[in-house]
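Heads up: the sequence shown begins at 865 in the numbering used here, then just goes up one per residue.
Note that the Cβ used here is the ideal one computed from N, Cα and C, for glycine as well.
This one's a predicted model, so the numbers in the text were calculated from it and none came from an experiment.
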Amino acid sequence: MSTVGQFLDETKALACVHCGLCLSSCPTYLETGNENDSPRGRIYIMRAIQSGQLDVGAATVRHIDLCLGCRACETACPSGVQYGALLEETRDHIEKHHSRGLFQWLLRRLVIEQVFPFPWRMQVALWPVRVIRFLRLGFLLPKFAREMMELLPQHLAKGNLPAKRLAKGEARGQVGFIEGCVMQVMFGDTNESSVELLNRDGWDVLTPKGQGCCGALYAHSGQLTKARDCARRNIAAFEGQPLDAIIINAAGCGSTLVEYGELLKDDPAWVKRAEAFSAKVKDLVTWLDSSRFAVSGSRAKVTYHDACHLAHAQGITAEPRELVKAKSGGELVELAESDLCCGSAGSYNLTEPEMASRLQKRKVQNIIDSGAEVVVTTNPGCLLQIQSGLRKAGAHHIRAIHIADYLLEVGTTDD
Ligand code: SF4
Ligand code: SF4
């Protein structure tokens, strides 16, 4: 047994009354049926680590690693257990006290932490991908590298937003825009669409160049010190601007941006600034005015996948559906298990490919069964996971698309 010290907020950990009402909403429990892979079981494990009853050895860490951090358990929990915060504290502790094997260490410390949060490094890393695809040399790669490549979009679009883009017509006000790391490197077109929608909706859009990674990848993988550094940088980049809101179009980033106050709660110099920043953060889908979108006239059947970090971490489910309905003329087919994680979960599909693949298949089967030809979502990780799953399933007639592109694709009332 190891003496590990306090890392969990005891009050939060004790809020769990072990009722088990969260179990049926937990994707990993649904797949394995193992109590240790459920929210209740994991909270037991966290508390046992804290009390020194369990060591942070491989067998214990396995159950925490397998957690998607999807926070579906928070939505289901009648006692208001803040599972996401408990998970981040536990993972931070694990990364300080547990030695990982070489492959996982390289993947986490080099690829995920040193490449993904830096757009220019990701740009460099993507060049070999372009060459391999162009020369059709993917078959020469080892299985893991082939699977990583399979997750990337077919069309890699780097964004280049100006520092300020003016509203179309008279401005209602001014908002800031978060470019995101993955978004600006792989989904630059979607960032363009998002800013265009905001401009059409009457907002001047500022995209400060001093911003950086939101810190979500670090927070979710147990690197809270680095996540806090990201938060401070972004707060400073947006401060001093007269902004009505700070808009994000990636649910995974948004869930961390709205929690900067919590992330910096023990930093007296920053906590108030962090709370002020977070209070202004709005997901694009809650900021756009659905009454300004005309029916598209398209007859394509549409469904909607709830990104976990929008539905569970931020409780936003109605607004995106309203926007899709406004655009599709009310034609929205509800997706079975819409809010069950697709297996993307940040970098989870890289660190836990087996479980990620099981959940990907489950999600894709539900999409196929819905009969939809278009699946709309709000997060780049979900898009990559679903697009790759649809390709693998041979469901080439179904398009997965970000809500900003979907809304813009067929015009607005202002066209
Ligand atoms: S996390 Fe909530 S729902 Fe799950 S066992 Fe604990 S109290 Fe019950
Ligand atoms: S965050 Fe998701 S995977 Fe983890 S325990 Fe909660 S419901 Fe299960």
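Three-state class that DSSP yields for residue i in the structure shown
{"i": "F1102", "result": "helix"}
{"i": "H1355", "result": "Outside the displayed range of the chain (865 to 1279) lies residue 1355, so it cannot be described from this structure."}
{"i": "K1191", "result": "helix"}
{"i": "R1064", "result": "helix"}
{"i": "D1147", "result": "strand"}
{"i": "T1167", "result": "strand"}
{"i": "H961", "result": "helix"}
{"i": "L1196", "result": "strand"}
{"i": "I842", "result": "Here the chain comprises residues numbered 865 to 1279, so residue 842 is not present and cannot be evaluated."}
{"i": "A879", "result": "coil"}
{"i": "A1209", "result": "coil"}
{"i": "E1273", "result": "helix"}
Distance cut-off 7 Å: residue i Cβ against heavy atoms of ligand 2
{"i": "C934", "result": "yes"}
{"i": "P1217", "result": "no"}
{"i": "E947", "result": "It is worth fixing the name first, because residue 947 is Tyr in this sequence and not Glu. Checking every heavy atom of ligand 2 against the Cβ of Y947, one is found closer than 7 Å."}
{"i": "R906", "result": "yes"}
{"i": "C890", "result": "yes"}
{"i": "C931", "result": "yes"}
{"i": "C937", "result": "yes"}
{"i": "Y893", "result": "yes"}
{"i": "P903", "result": "yes"}
Proximal residues to residue i (C-beta, below 6 Å), its chain only, five neighbours per side dropped
{"i": "C883", "result": "none"}
{"i": "L1174", "result": "A1115, I1180, T1242"}
{"i": "L1248", "result": "L1015"}
{"i": "G1275", "result": "For G1275, the predicted structure reports a pLDDT of 45, less than 50, and the residue's modelled location is therefore unreliable. The matter cannot be settled from this model."}
{"i": "E895", "result": "R1222"}
{"i": "N900", "result": "H927"}
{"i": "D1203", "result": "D1170, A1175"}
Cβ shell of residue i (< 7 Å), same chain only, five flanking positions each side left out
{"i": "T867", "result": "Its pLDDT being 43, under 50, T867 is placed unreliably in this model, and the value from its coordinates should be taken loosely. Closer than 7 Å at the Cβ level, and outside the excluded window around T867, lie G916."}
{"i": "C934", "result": "P891, C1172, H1176, C1205, A1209"}
{"i": "N1230", "result": "L1199, A1200, E1201"}
{"i": "C1246", "result": "H1169, A1171, C1206, S1208"}
{"i": "D1279", "result": "Caution is warranted here: a pLDDT of 40 is assigned to D1279, below 50, making its placement in the model unreliable, and the coordinate value is therefore given only provisionally. Once the five neighbours on either side are set aside, D1279 has no close Cβ partner at all."}
{"i": "G1301", "result": "Past the edges of the chain, shown from 865 to 1279, lies residue 1301, and the structure says nothing about it."}
{"i": "G948", "result": "G933, R935, E938, A1177"}
Test: residue i CB closer than 8 Å to a CB of chain B
{"i": "Y1270", "result": "The structure shown has no chain B; it contains just one protein chain."}
Check: residue i C-beta below 7 Å from any heavy atom of ligand 1
{"i": "E882", "result": "Per the sequence presented here, residue 882 reads as His, with Glu not at that position. Checking the Cβ of H882 against ligand 1 gives yes."}
{"i": "C886", "result": "yes"}
{"i": "C941", "result": "yes"}
Contact set for residue i: own chain, Cβ-Cβ below 8 Å, skip 5 residues either direction
{"i": "A1182", "result": "none"}
{"i": "L1187", "result": "V1149, L1152, S1154, F1157, I1267, L1271"}
{"i": "S943", "result": "A879, C880, V881, C883"}
{"i": "L885", "result": "A940, C941, P942"}
Would you call the segment 1020–1033 and the segment 1066–1078 in contact, with 3 or more CB pairs under 8 Å?
yes
Is the number of C-beta pairs between the segment 970–990 and the segment 1100–1119 that are closer than 8 Å three or more?
no
Length at least 4, wholly inside the segment 1108–1134: the alpha helix (DSSP H) runs in chain order
1115–1121, 1124–1127
Going along the chain, which unbroken runs of the alpha helix (DSSP H) with 4 or more residues stay wholly within the segment 1023–1092?
1045–1050, 1052–1064, 1080–1084
Runs of 4 residues minimum, wholly inside the segment 1216–1258: which ones carry the alpha helix (DSSP H) assignment?
1217–1234, 1244–1256
I'd like the ranges of any alpha helix (DSSP H) spanning at least 4 consecutive residues and lying wholly in the segment 917–957.
922–929, 936–940
Does the contact criterion of 3 or more C-beta pairs under 8 Å hold for the segment 1077–1093 versus the segment 1121–1136?
yes
Could you check whether the segment 997–1014 touches the segment 1038–1047, counting it as contact only if at least three pairs of C-beta atoms, one from each stretch, sit closer than 8 Å?
no
Taking 8 Å as the cut-off, does the segment 1084–1091 touch the segment 1044–1064 (at least 3 CB pairs, one atom from each stretch)?
no
With a cut-off of 8 Å, do at least 3 Cβ pairs link the segment 1249–1268 to the segment 1122–1136?
no
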